[in-house]
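Novice: One structure follows; several queries about it will come next.
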């Protein structure tokens with residue numbers, strides 16, 4: 098496509114002989130956009146400016162200079178989410194949670210309607226659990242005093258039993274789906290630097306190379322095929338550690354530390 102720059106200078110302050118030949122071709126003798134630009138050409142105008150003659154609106158980007166937050170519909174019960182929130186099919190799922198009892202609640206938020214829908218509850222209440230989405234299903238993994246795994250199928254609206262974790266409980270670990278598998282990393286109990294991998298067809302968790310820095314409460318981000326383990330807590334302190342896991346080589350490297 099062709100891009101034309103709109104002249105926003107006062108009339109008469111810009112002459113064609115001061116423009117590059119490529120731009121002169123896009124302007125008429127009055128320094129305004131030619132109406133004879135090829136069909137399908139695209140231009141950009143300043144926010145609030147009308148489209149030139151012959152153009153229709155293709156896309157409008159609204160910019161909120163104040164970057165304010167907008168309050169949306171609340172969940173049914175105030176509780177700690179930890180890693181129990183995931184996006185699936187354009188909706189947000191919030192399952193379990195703590196801050197009192199360990200809740201078995203499952204809710205789904207629809208941004209189009211700004212409403213939460215109550216789903217069938219999990220079999221057990223979970224707090225400090227991990228969650229991940231794989232193959233169109235939501236996994237709720239472990240948690241305080243839990244080694245079990247439950248799987249929610251949006252098509253049926255039902256929970257089923259998934260592959261249990263190893264004998265020890267894992268709470269405040271973090272899960273992420275990578276390459277058709279689920280990784281569960283870190284923990285507050287058991288082995289704080291553990292890395293477990295679930296390959297659904299095998300119906301079992303396998304041990305992978307441990308994370309160098311033992312910790313809980315970290316955040317996992319998938320970037321360029323590798324998993325970044327960011328921050329968290331260990332040894333009673335907040336950590337600035339960033340470590341990067343390569344699922345292909347099953348190896349860890351050190352990333353740039355956080356500022357705080």
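Residue numbers (our numbering): 98 to 357.
Virtual Cβ for every residue (Gly too), placed ideally from N, Cα, C.
None of these values were measured; they are calculated from a predicted model.
Give the single residue among 280, 326, 149, 354 whose Cα lies nearest to the Cα of residue 228.
Specialist: Numbered from 1 along the chain shown, position 131 holds the residue referred to as residue 228. Per the Cα distances, 280.
Novice: Am I right that residue 256 and residue 217 are in contact with their C-beta atoms under 8 Å? What's the rounded C-beta distance?
Specialist: Residue numbering aside, residue 256 sits at position 159 when the chain shown is read from its first letter. Residue numbering aside, residue 217 sits at position 120 when the chain shown is read from its first letter. Contact holds; Cβ gap of about 6 Å.
Novice: Excluding the 5 residues preceding and the 5 following residue 354 in the sequence, name in chain order all residues of the same chain whose CB lies nearer than 8 Å to its CB.
Specialist: Along the chain shown, one-based indexing puts residue 354 at 257. Here the set comprises 337, 338, 339.
Novice: On the CB-based measure, 16 or more other CB atoms within 10 Å of its CB, does residue 320 come out buried or exposed?
Specialist: As a first step, residue 320 must be located in the chain shown, where it is residue number 223. Residue 320 comes out exposed.
Novice: Which residue wins for smallest C-alpha separation from residue 180, given the options 277, 317, 169?
Specialist: Walking along the chain shown from the start, residue 180 turns up at place 83. The option with the nearest alpha carbon to residue 180 is 317.
Novice: Three-state secondary structure (DSSP) at residue 131?
Specialist: Here residue 131 refers to the residue found at position 34 when the chain shown is read from its first residue. Caution is warranted here: a pLDDT of 49 is assigned to residue 131, below 50, making its placement in the model unreliable, and no coordinate value can be reported.
Novice: Determine the closest residue to residue 278 out of 235, 153, 251, 315, with distance taken between C-alpha atoms.
Specialist: The residue you call residue 278 lines up with position 181 of the chain shown. For residue 278, the nearest C-alpha among the options comes from 235.
Novice: Could you give the distance in angstroms between the alpha-carbon of residue 133 and the alpha-carbon of residue 142?
Specialist: Position 36 of the chain shown holds residue 133. Position 45 of the chain shown holds residue 142. Caution is warranted here: a pLDDT of 49 is assigned to residue 133, below 50, making its placement in the model unreliable, and no coordinate value can be reported.
Novice: Please return the same chain residues whose Cβ sits closer than 7 Å to the Cβ of residue 314, not counting the five positions on each side in sequence.
Specialist: For the purposes of this step, residue 314 is taken as the residue at position 217 of the chain shown. Here the set comprises 269, 329, 330.
Novice: Can you give me the Cβ contacts of residue 175 inside the same chain, cut-off strictly under 8 Å, excluding the 5 residues immediately before and after it?
Specialist: Position 78 of the chain shown, counting from 1, holds the residue named residue 175. Taken in chain order, the residues that qualify are 196.
Novice: For residue 299, which three-state DSSP category applies?
Specialist: For the purposes of this step, residue 299 is taken as the residue at position 202 of the chain shown. Three-state result, residue 299: helix.
Novice: So what does residue 229 bridge to, in DSSP terms?
Specialist: Residue numbering aside, residue 229 sits at position 132 when the chain shown is read from its first letter. Residue 229 is bridged to 236.
Novice: Considering only the alpha carbon of each residue, which of 230, 322, 189, 247 lies closest to residue 258?
Specialist: Stepping through the chain shown from its first residue, residue 258 is reached at position 161. Here the closest residue by C-alpha is 247.
Novice: Kindly indicate which three-state DSSP category residue 343 falls into: helix, strand or coil?
Specialist: Within the chain shown, the letter at position 246 stands for residue 343. If DSSP states are grouped into helix, strand and coil, residue 343 belongs with the strands.
Novice: Can you tell me where the beta strand (DSSP E) with residue 246 in it begins and where it stops?
Specialist: Within the chain shown, numbered from 1, the residue matching residue 246 stands at position 149. Segment 246-250, the beta strand (DSSP E) holding residue 246.
Novice: Any idea what DSSP makes of residue 265, helix, strand or coil?
Specialist: Sequence index remark: in the chain shown, residue 265 carries index 168 (1-based). Looking at residue 265 - three-state DSSP - the assignment turns out to be coil, as it is neither helix nor strand.
Novice: Helix or strand or just coil, what does DSSP make of residue 200?
Specialist: Taking the first residue of the chain shown as position 1, residue 200 is located at position 103. Residue state, collapsed to three classes: coil.
Novice: My output table needs one value for residue 354: the three-state DSSP class, helix, strand or coil.
Specialist: Numbered from its first residue, the chain shown carries residue 354 at position 257. It is coil, neither helix nor strand.
Novice: Using the Cα positions of residue 190 and residue 202, report the straight-line distance between them to the nearest angstrom.
Specialist: The residue given as residue 190 occupies position 93 in the chain shown. The residue given as residue 202 occupies position 105 in the chain shown. Cα-Cα distance, rounded: 11 Å.
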